[in-house]
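S.K.: Pasting a structure below so you can have a look.
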Ligand code: DHB
Ligand code: FE
């Protein structure tokens, strides 16, 4: 039997990855952040799933503006860290779970009506590797398998928040019908408020982010009608990545047990917030 055991929402700020790769955790700028995520790491040590369905967005690292898949699923045996301009991050290769991934593809495309792009080769950028580093630090090999689910967040039109939430619910049904044994986690990455360009570059909206986490945990249906116009206005042009947290939340039960929440800002240009959710009914 396969079941979804936990969810996590976390930004994927690339400089967190650089701070870990270059051992900067004790520096004045980084210490409060890394102190705050120590409990994240402790929790994950004791709660390793077999496979993470890791929802992230590619930042024109693997896909370009020539081809923009709305939802893309990684089916390969392994995924190389992408070269984002400074060479690939010195992190382990990400091992996939093709058996579960193909089951998800079959159910989500043929039965559930989500027309996913299927990727047999996919280099993964900071959107995917930084959350792994936040949770697992610097291991020789990642302690879990990962199924990448890349969502277009970089070029309008993005999929609606409602569609993201519905995809999460479909993922829950697909996992439940998998004939094999798996403990599965679903992570939503990106956000929280940040804008990297234009007149409002540097925008943070900590109050909005705090309320978003609160609603995500305890009243997720209230977020279903959230529009990109509101996300753009309140959280900035890159803050719209928060929509991906709704895929994670949709994959969990309505009632969840929150294990840990931590907010800290700024982290680079981003207002950081993390929440770990244990599924209600197991
Ligand atoms: C930053 C955050 C992101 O989510 C990203 O993809 C790139 C940069 C930042 O805060 O610097
Ligand atoms: Fe991003």
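Residue numbers (the working numbering): 7 to 288. All residues carry an ideal CB built from backbone N, CA and C; glycine is no exception.
Would you kindly report the start and end of the unbroken beta strand (DSSP E) that includes residue 233?
M.R.: No beta strand (DSSP E) contains residue 233, which DSSP labels as neither H nor E.
S.K.: Beta carbon of residue 179, beta carbon of residue 8: below 7 angstroms?
M.R.: no
S.K.: For residue 257, is the classification buried or exposed, using 16 other Cβ atoms within 10 angstroms of its Cβ as the cut-off for buried?
M.R.: buried
S.K.: Along the chain, where does the alpha helix (DSSP H) that runs through residue 255 open and close?
M.R.: 251-257
S.K.: Once DSSP output is grouped into helix, strand and coil, what is the label at residue 285?
M.R.: strand
S.K.: Who's in the neighbourhood of ligand 1, going by beta-carbon under 7 angstroms from any heavy atom, listed in chain order?
M.R.: 17, 18, 19, 20, 21, 65, 132, 133, 196, 200, 202, 244, 247, 273, 274, 275 and 276
S.K.: CB residue 254 to CB residue 80, shorter than 7 angstroms?
M.R.: no
S.K.: Within 10 Å of its beta-carbon, does residue 260 have 16 or more other beta-carbons around it, so buried, or fewer, so exposed?
M.R.: exposed
S.K.: Where residue 3 and residue 130 are concerned, what is the direct C-alpha to C-alpha distance, given to the nearest angstrom?
M.R.: Because the chain here runs from 7 to 288, residue 3 falls outside it and cannot be looked at.
S.K.: Based on DSSP bridge pairs, tell me the residues matched to residue 122.
M.R.: Answer by DSSP bridge pairing: none, since residue 122 is not bridged.
S.K.: Give a yes or no on whether the minimum CB-CB distance between residue 247 and chain D is below 7 angstroms.
M.R.: Note that chain D does not occur in the displayed structure, where there is just one protein chain.
S.K.: State the start and end residues of the unbroken beta strand (DSSP E) segment that holds residue 265.
M.R.: 262-273
S.K.: With a CB to CB cut of under 8 angstroms and the five nearest residues on each side skipped, what residues in its chain are close to residue 43?
M.R.: 140, 268 and 280
S.K.: How far does the beta strand (DSSP E) with residue 12 in it extend, from its first residue to its last?
M.R.: 8-16
S.K.: Leaving out the 5 sequence neighbours to the left and right, which residues in its chain are closer than 8 angstroms to residue 143 when beta-carbon positions are compared?
M.R.: 26 and 47
S.K.: Based on the DSSP secondary-structure assignment, which residues constitute the bridge partners of residue 77?
M.R.: 157
S.K.: Which whole-angstrom value is the C-beta distance of residue 45 and residue 266, which I expect to be below 8 angstroms?
M.R.: Sure, about 5 angstroms apart at Cβ, within 8 angstroms.
S.K.: Let me make sure I understand the geometry here. Which of 58, 160, 271 and 251 has the alpha-carbon closest to that of residue 218?
M.R.: Here the closest residue by C-alpha is 251.
S.K.: Helix, strand or coil: how does DSSP classify residue 55 here?
M.R.: coil
S.K.: Less than 6 angstroms between C-beta atoms, sequence neighbours within five positions excluded: which residues of the same chain meet that for residue 276?
M.R.: 17, 19 and 200
S.K.: Under a three-way DSSP split, which group does residue 48 fall into?
M.R.: helix
S.K.: Could you please give the first and the last residue of the uninterrupted beta strand (DSSP E) stretch that includes residue 108?
M.R.: Boundaries for residue 108: no beta strand (DSSP E) harbours it, while the alpha helix (DSSP H) harbouring it runs 104-111, taken from the DSSP string.
S.K.: Assuming residue 57 contacts residue 190 (C-beta within less than 8 angstroms), just tell me the rounded distance between them.
M.R.: 5 angstroms
S.K.: Just to confirm, are residue 151 and residue 83 a CB contact at a threshold of 7 angstroms?
M.R.: Not in contact: residue 151 and residue 83 (Cβ atoms no closer than 7 angstroms).
S.K.: Give the straight-line distance between the Cα atoms of residue 78 and residue 138, rounded to the nearest whole angstrom.
M.R.: 19 angstroms
S.K.: Just how far apart, CA to CA, sit residue 88 and residue 118?
M.R.: 31 angstroms
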